[in-house]
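J.: Sending over a structure as C-alpha cells; questions will come in a sec.
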Ligand code: SAH
Ligand code: SF4
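In my numbering, the protein residues as written are 527 to 965.
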C-alpha cells in the first residue's frame, strides 16, 4: 500500500516541477513513507531518520526531510517537537497538500497536515511508477478500513473506508495496458468491501479482466468475513484473474478470534477455504498469523498450528503480537504473553509453515506453469525470475526470453521459497488456457 502511495506522491512532486533521484545524497527533498503496523516497522523508520539527520548536517541543513503515512498520523507531535528530526509531517490523506506544505518549509516553517478524509481516494492522480519493474503494477482501489480488528492500528492511521469510482480504476488499468504492463494487483485493506455507488468488487474485477486478456490480475487483501461466491465465479471464469488468494486467518482459536474482533469462527473460516478449493481447484492460498495475542494459552496457540496443518498454506506472513496504542486491545486487554513465549510460538508457526511450503513446493516438480518474467533473478544476470499464476516465484535460464514474456516452464527443483525450472516456450496468456498447465 505504501509502495502505491509513494507513486502518488511521486506524481504530486513531478507536477510541482521536481524529479526523482536515485540516491539520498542528490536529493533536495527526502520523504520517508512510514508504517505503524508493528513496533519494529516503526523502529526501522527511526533508524532511517537518524541517518537522514546526519546527511542533513553534512549538507549544512540544505535539505528537506518529510515523514509521510501512518507514523505521521500517529506521532506528529513527537516528530516536530521532541525529535526535531523532520521538517514536514504528512498523513496518508494529505498528499495533495504537499506542494503547499513544501512552500511553508521553504519559508522557514515546519509544515503539518494529518487531517484524515472521508472521501480522498486520489482517483484523479495518475501514479508515476519509477521504482517498479515495468511489468507489474499496483492500483489502489480503496483506502482506509472500517473493520476495527482489536489489535490493529490501521483504522486510526488511515481512517474510514472509501472506494474509488469504477471508471477511474478502469482508466488507470487501460493506461497500464497501453504502457505495456502485464500484471496489476488491485489493492485495499479489504478489497471485498469495495463498494462504489453499489458496484462491488466482483464487478470491478470482472470489468478489469475484460480490458486486456494478456494482462494478469491479482488482488490483496481479502477479509474472510465477506468473500462472496460471486467473486469466486469471476475468478474461475476469467482466465487472467490469478488463482491466488491472500486470506488472513490471524488465529485458529475461536476465543482469540472473538477477542480480535475478526467476526468469523474457525469453522466458518475452514468452510470458506473448502469452498474456495471446490470452486477453484489448485487455488493457491496465503495468510497472516499473529502469535501470542492477549491472553493466548498454549492450547489456543496449538489451535492455530492445527488450522495451518488443515489448510496447508502456500505462503504465510507471520508476526509476534505487538501492542499498538489506541486500539481496542490496548484499552481492554492485557498484553500478557511474555516476549519469550511469543517468540517461541512464532518460531513454531514459522517452522510448521516452512515444512508445509517445502512439501507443497516439492510437489510442483515435474509440473508446468506459465511464468510472467519480471526481470533478472537476484543471484544471476544469466537467469530470469517471475511468478506463476499461483504466485510462486520461479527461476530459470535466460536463453532468449525477456522481461514481460509469458513463458511455459517445467519445474525441476524446489526450495520453500522458490522453484527452479526449464523454459519450454514463449506463450500468450490466452493460448495457454486451452491446455492444462499441470503435467
Ligand atoms: N487489512 C489486512 C491486514 C493489514 S495489516 C487484513 O485484514 O487482512 C497486515 C497484517 O499485519 C495483519 O493481517 C496482521 O496479521 C498483522 N498485524 C496487524 N496488527 C498487528 C499487531 N498489532 N501485531 C502484530 N501483527 C499485526
Ligand atoms: Fe487492520 Fe482488521 Fe482493517 Fe485489516 S481488516 S486493516 S487487520 S482493522
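Ideal placement from N, C-alpha and C gives every residue a C-beta, glycine not left out.
Flag this pair as yes or no: are the beta carbons of residue 956 and residue 763 separated by less than 8 Å?
T.: Your numbering for residue 956 matches position 430 in the chain shown. Your numbering for residue 763 matches position 237 in the chain shown. No, the Cβ-Cβ distance between residue 956 and residue 763 is not below 8 Å.
J.: By the three-class DSSP mapping on this structure, what secondary structure does residue 947 have?
T.: Numbered from its first residue, the chain shown carries residue 947 at position 421. Here residue 947 sits in strand by DSSP.
J.: Hey, how far is the Cα of residue 540 from the Cα of residue 617?
T.: By one-based count along the chain shown, residue 540 stands at place 14. By one-based count along the chain shown, residue 617 stands at place 91. Rounded to the nearest angstrom, the two C-alpha atoms are 19 Å apart.
J.: Below 7 Å, is the gap between the Cβ of residue 928 and the nearest heavy atom of the ligand SF4?
T.: For the purposes of this step, residue 928 is identified with residue 402 of the chain shown, where counting begins at 1. It does not: the Cβ of residue 928 is nowhere closer than 7 Å to a heavy atom of the ligand SF4.
J.: Could you tell me the alpha carbon to alpha carbon distance between residue 840 and residue 830, rounded to whole angstroms?
T.: Counting from 1 along the chain shown, the entry for residue 840 is found at position 314. Counting from 1 along the chain shown, the entry for residue 830 is found at position 304. Rounded to the nearest angstrom, the two C-alpha atoms are 16 Å apart.
J.: Could you give the first and the last residue of the continuous beta strand (DSSP E) run that contains residue 614?
T.: In the chain shown, the residue the question calls residue 614 occupies position 88. Unbroken beta strand (DSSP E) run through residue 614: 614 to 616.
J.: Alpha helix (DSSP H) containing residue 557: first to last residue?
T.: Locating residue 557 in the chain shown gives position 31, where the first residue counts as 1. That residue, residue 557, is in no alpha helix (DSSP H); its beta strand (DSSP E) goes 555 to 560.
J.: Is it right to say residue 674 is buried, meaning 16 or more other beta carbons lie within 10 angstroms of its own, or is it exposed?
T.: In the chain shown, residue 674 corresponds to position 148, counting from 1. Residue 674 sits exposed, since fewer than 16 C-beta atoms from the chains shown fall within 10 Å of its C-beta.
J.: What's the C-alpha gap between residue 860 and residue 781?
T.: Against the chain shown, residue 860 aligns to sequence position 334. Against the chain shown, residue 781 aligns to sequence position 255. Near 15 Å, if we compare the C-alpha coordinates of residue 781 and residue 860.
J.: Considering only residues of the same chain and omitting the five flanking positions on each side of residue 862, which have a CB-CB separation below 8 Å?
T.: Translated into the one-based positions of the chain shown, residue 862 becomes position 336. Non-local beta-carbon contacts of residue 862 in its own chain, meaning distances under 8 Å to residues more than five positions away in sequence, involve 820 and 821 in chain order.
J.: Given a threshold of 16 other Cβ atoms within 10 Å of its Cβ, counted over all protein chains shown, does residue 754 qualify as buried or as exposed?
T.: As a working note, residue 754 is residue 228 in the chain shown. Under this definition residue 754 is an exposed residue.
J.: Which complete alpha helix (DSSP H) runs does the stretch 642 to 689 hold, if anything under 4 residues is left out?
T.: Qualifying alpha helix (DSSP H) stretches, in chain order: 680 to 684.
J.: Quick check on residue 481: does DSSP put it in helix, strand or coil?
T.: The chain is shown only over 527 to 965; residue 481 falls outside these bounds and no answer can be derived.
J.: Please classify residue 938: does DSSP put it in a helix, a strand, or coil?
T.: The count along the chain shown starts at 1 and reaches residue 938 at position 412. Under the three-state reduction of DSSP, residue 938 is assigned to strand.
J.: With DSSP as the reference, label residue 844 as helix, strand or coil.
T.: The residue you call residue 844 lines up with position 318 of the chain shown. Here residue 844 sits in strand by DSSP.
J.: If I'm right that residue 714 touches residue 668 with Cβ under 8 Å, what's the distance once you round it to whole angstroms?
T.: The sequence position of residue 714 within the chain shown is 188, counting from 1. The sequence position of residue 668 within the chain shown is 142, counting from 1. Residue 714 to residue 668, Cβ: 4 Å. Contact.
J.: How far does the beta strand (DSSP E) with residue 851 in it reach, from first residue to last?
T.: For the purposes of this step, residue 851 is identified with residue 325 of the chain shown, where counting begins at 1. Residue 851 -> no beta strand (DSSP E), and no H or E assigned at all.
J.: Report the CB separation of residue 769 from residue 915 in whole angstroms; it is logged as a contact under 8 Å.
T.: Mapped onto the chain shown, residue 769 falls at position 243. Mapped onto the chain shown, residue 915 falls at position 389. So it is a contact: roughly 5 Å between Cβ atoms.
J.: Please tell me whether, using a cut-off of 7 Å, the distance from the CB of residue 674 to the nearest non-hydrogen atom of the ligand SF4 is below it.
T.: Start at 1 with the first residue of the chain shown, and residue 674 comes out as number 148. Residue 674: yes, Cβ under 7 Å from the ligand SF4.
J.: Going by DSSP, name the residue or residues bridged to residue 814.
T.: One-based indexing of the chain shown puts residue 814 at position 288. Per DSSP, 843.
J.: Alpha carbons only, please: which of 816, 864, 857 and 852 is nearest the one belonging to residue 842?
T.: Start at 1 with the first residue of the chain shown, and residue 842 comes out as number 316. For residue 842, the nearest C-alpha among the options comes from 816.
J.: Cutting at 6 Å between CB atoms, please list the residues of its own chain near residue 947, excluding the five before and the five after it.
T.: By 1-based counting over the chain shown, the position of residue 947 is 421. Same-chain partners within the cutoff: 920, 922, 935, 936, 937 and 938.
J.: Specify whether the stretch 684 to 691 and the stretch 717 to 727 touch according to this definition: at least 3 beta carbon pairs, one from each stretch, less than 8 Å apart.
T.: yes
J.: For residue 801, which option in 678, 757 and 558 has the closest C-alpha, if you only look at C-alpha atoms?
T.: Residue numbering aside, residue 801 sits at position 275 when the chain shown is read from its first letter. Among 678, 757 and 558, the Cα nearest to that of residue 801 belongs to 757.
J.: With distance defined between alpha-carbon atoms, name the residue in 876, 683, 620 and 887 nearest to residue 813.
T.: Taking the chain shown and counting its residues from 1, the one referred to as residue 813 is at position 287. Taking each of 876, 683, 620 and 887 in turn and checking the Cα distance to residue 813, the smallest one comes out for 876.
J.: May I ask you to check if the CB of residue 848 is nearer than 7 Å to at least one heavy atom of the ligand SAH?
T.: Here residue 848 refers to the residue found at position 322 of the chain shown. Result yes, Cβ under 7 Å from the ligand SAH.
J.: How far does the beta strand (DSSP E) with residue 915 in it reach, from first residue to last?
T.: Walking along the chain shown from the start, residue 915 turns up at place 389. Careful: residue 915 lies outside any beta strand (DSSP E) and carries neither H nor E.
J.: Just verifying my parser: in three-state terms, what is the DSSP assignment at residue 703?
T.: Locating residue 703 in the chain shown gives position 177, counting from the first residue. Looking at residue 703 - three-state DSSP - the assignment turns out to be helix.
J.: Going by the beta-carbon positions, is the gap between residue 679 and residue 563 smaller than 8 Å?
T.: Looking up residue 679 in the chain shown gives position 153. Looking up residue 563 in the chain shown gives position 37. Yes, the pair counts as a contact, with Cβ atoms nearer than the cut-off.
J.: Ignoring anything shorter than 4 residues, give me the alpha helix (DSSP H) runs that lie fully in the stretch 708 to 767, in order along the chain.
T.: If only uninterrupted alpha helix (DSSP H) runs of at least 4 residues are considered, those enclosed by the stretch 708 to 767 are 727 to 735 and 755 to 763.
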